[in-house]
Amino acid sequence: KNLGTSFISSMAVTVPATILPLLFAAYAAFGFTFLKFRGREFFFSVIIGLLVVPLQGALVPVLRMFISFTDKTGIEISGQYAAAWFVHSAFAMPLAIYILRNYMMTIPNSLIEAARVDGASNFTIFWRLVLPISVPALASFAIFQFLWVWNDFLVALVFLGKSPDQVVLTIQLNDLLGSRGESWE
């Protein structure tokens with residue numbers, strides 16, 4: 047088997063599974079920090095509560111959801127990169143929102159109000175003001191997420207399987223051990 051193909055597959059899983067939660071979590075953190083809406087604290091508490099849901103406990107329900115989606119639409123998700131992207135992104139979102147919201151809370155409210163007085167929309171405030179200021183928090187979470195996805199074995203095995211063209215590096219390296227594991231001699 048080719049380690050180069052596995053490396054490319056690992057990159058094809060890891061890069062989108064790092065960028066997607068960052069993008070959506072940054073939007074959500076901005077909303078929870080700077081926008082006023084009913085139930086904001088309750089919804090944020092629910093998201094924080096999702097941090098305690100273990101990935102291993104949710105594998106079977108998520109896999110059933112993918113199978114149900116395939117039965118209803120005819121579109122096969124399981125066994126595709128999108129399945130791994132979805133699972134990694136979904137389980138990264140609560141932590142990402144928490145980290146980014148806490149960082150955005152340090153941005154002075156007077157800065158946001160000054161931008162609003164100057165006529166900036168929420169979209170402009172997010173992209174031109176808050177996002178550039180939040181680069182350190184985004185970078186720190188991106189590092190954690192990249193390493194978590196890159197080193198993942200379980201999600202890749204369950205949702206991608208051992209298809210030769212999509213096997214990730216962790217599964218490929220595990221297969222090199224053989225039936226005797228580390229005691230090959």
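Those letters in the sequence shown? Residues 47 to 231, by this note's numbering. We put the beta carbon where it would ideally sit given N, CA and C, even for glycine. Every value quoted in this text rests on a predicted model; they were computed, and no experiment measured them.
Which listed residue (F78, R174 and I123) has its alpha carbon closest to that of F112: I123
I145, enclosing alpha helix (DSSP H) - first and last residue: Y127 to M150
Touching by the beta-carbon criterion (3+ pairs, under 8 Å), the region 212-222 and the region 141-151: no
Within 9 Å, strictly: CB atoms of L200 and Q102: yes
Buried versus exposed, by CB contacts within 10 Å (16 or more), L215: buried
Rounded separation between Q126 and L206 - CA only: 6 Å
Nearest candidate by alpha-carbon position, reference W196, set L96, Q212, N48 and V59: V59
Cβ-based burial, I158 [other Cβ within 10 Å; buried from 16]: buried
7 Å Cβ shell around F192 - same chain, five flanking residues per side excluded: T60 and T64
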